[in-house]
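>
There are 2 protein chains.
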Amino acid sequence: MSRIAKTPAPPYYAVIFTSERTDGDQRYAEMAEEMVQLAATQPGFLGMESAREGVGITVSYWDSPEAIRQWKRNERHLVAQRQGIEEWYQSYKTRVCKVERDYGFEK
Amino acid sequence: MSRIAKTPAPPYYAVIFTSERTDGDQRYAEMAEEMVQLAATQPGFLGMESAREGVGITVSYWDSPEAIRQWKRNERHLVAQRQGIEEWYQSYKTRVCKVERDYGFEK
């Protein structure tokens with residue numbers, strides 16, 4: 717299965733989360749997997765793409781700004797966000813975007 | 717140095733390029749590096765973040781939609797795009813976005 721998210725026709729919304737980890741895991745992998753699973757059950761979730769190679773980039777796609785706000789306020793996600801600042805991340809940047817157009821290619 | 721792009725206050729623009737490679741390199745690494753260097757010299761370029769782990773995600777940041785259009789039409793970039801379809805990518809998706817807000821954290 718393709719790891720490229722199957723998103724609908726634009727407009728829709730993207731959250732680009734770029735991060736640098738601290739050393740050690742501190743149960744990060746476990747929580748990251750839990751967040752991937754949990755995000756996928758949220759209203760308005762459209763898909764997610766993720767890769768880490770020095771820097772980590774996770775892009776999640778949503779049908780509205782309200783869906784993004786709700787996910788940010790999710791109780792379990794708030795726990796993860798707090799732990800992220802305290803333990804897991806050296807630095808991060810979150811960018812909330814409106815996807816205006818897209819195109820692709822598949823062999 | 718941080719590998720998280722230092723972008724100005726929003727609004728600005730992002731191009732999310734998500735891809736799956738074919739097998740073998742076929743001089744991909746060389747061209748990818750050339751494109752990173754070349755993009756950084758283009759008018760309106762603000763920064764770039766990239767990681768590959770199964771899927772590849774490259775996000776480039778720009779100050780306007782016109783800067784994105786110009787980069788897409790860059791002659792050497794057109795060569796890379798054609799070769800990408802012919803040789804390097806199994807599939808890809810390009811999403812052009814307006815970054816509406818951002819926030820971050822640094823230890």
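Going down the list, the sequences are from chains A and B. In terms of the working numbering, the first sequence is residues 717 to 823. In terms of the working numbering, the second sequence is residues 717 to 823. Note that beta-carbon positions come from the ideal geometry of N, C-alpha and C, so glycine has one too. Treat the numbers as computed from the prediction; the structure is a model and nothing was measured.
Starting from the C-beta of A:Q806, find all residues in its chain whose C-beta is less than 6 Å away, skip the five residues before and the five after it, and write them out in chain order.
Within the first sequence, numbered from 1, the residue matching residue 806 of chain A stands at position 90. For A:Q806, where only same-chain residues beyond five positions count, the Cβ hits under 6 Å are E736 and T738.
> Taking only three categories from DSSP, how would you classify A:A730?
As a first step, residue 730 of chain A must be located in the first sequence, where it is residue number 14. A:A730: strand per DSSP, three-state reduction.
> Report the three-state DSSP secondary structure of B:I801 (helix, strand or coil).
By 1-based counting over the second sequence, the position of residue 801 of chain B is 85. Secondary structure at B:I801: helix, using DSSP grouped into helix, strand and coil.
> With distances taken Cα to Cα, identify the nearest neighbour of B:A767 among B:L794, B:A745, B:R785 and B:R792.
Your numbering for residue 767 of chain B matches position 51 in the second sequence. Comparing Cα positions, the closest option is B:A745.
> Determine the chain B residues that contact A:I826 at a beta-carbon separation under 7 Å, and present them in chain order.
Residue coverage of chain A in this structure runs from 717 to 823, which leaves residue 826 of chain A outside it and unanswerable.
> State yes or no: is the beta carbon of B:Y808 nearer than 7 Å to at least one beta carbon in chain A?
Stepping through the second sequence from its first residue, residue 808 of chain B is reached at position 92. For B:Y808, the answer is yes, since a Cβ of chain A falls inside 7 Å of its Cβ.
> With which residues is B:R817 paired in a DSSP beta bridge?
Counted from its first residue, the second sequence places residue 817 of chain B at position 101. According to DSSP, which records beta bridges pairwise, B:R817 is partnered with A:V812.
> For the putative contact between A:E782 and A:V775, defined by C-beta atoms under 8 Å, what is the C-beta separation to the nearest angstrom?
Position 66 of the first sequence, counted from the first residue, corresponds to residue 782 of chain A. Position 59 of the first sequence, counted from the first residue, corresponds to residue 775 of chain A. At roughly 19 Å, the Cβ-Cβ gap does not stay under 8 Å, so A:E782 and A:V775 are not in contact.
> Helix, strand or coil for B:A767? Go by DSSP, reduced to three states.
Position 51 of the second sequence holds residue 767 of chain B. Correct three-state label for B:A767: strand.
> Does B:T757 come within less than 7 Å of chain A when only Cβ atoms are used?
Along the second sequence, one-based indexing puts residue 757 of chain B at 41. Not an interface residue.
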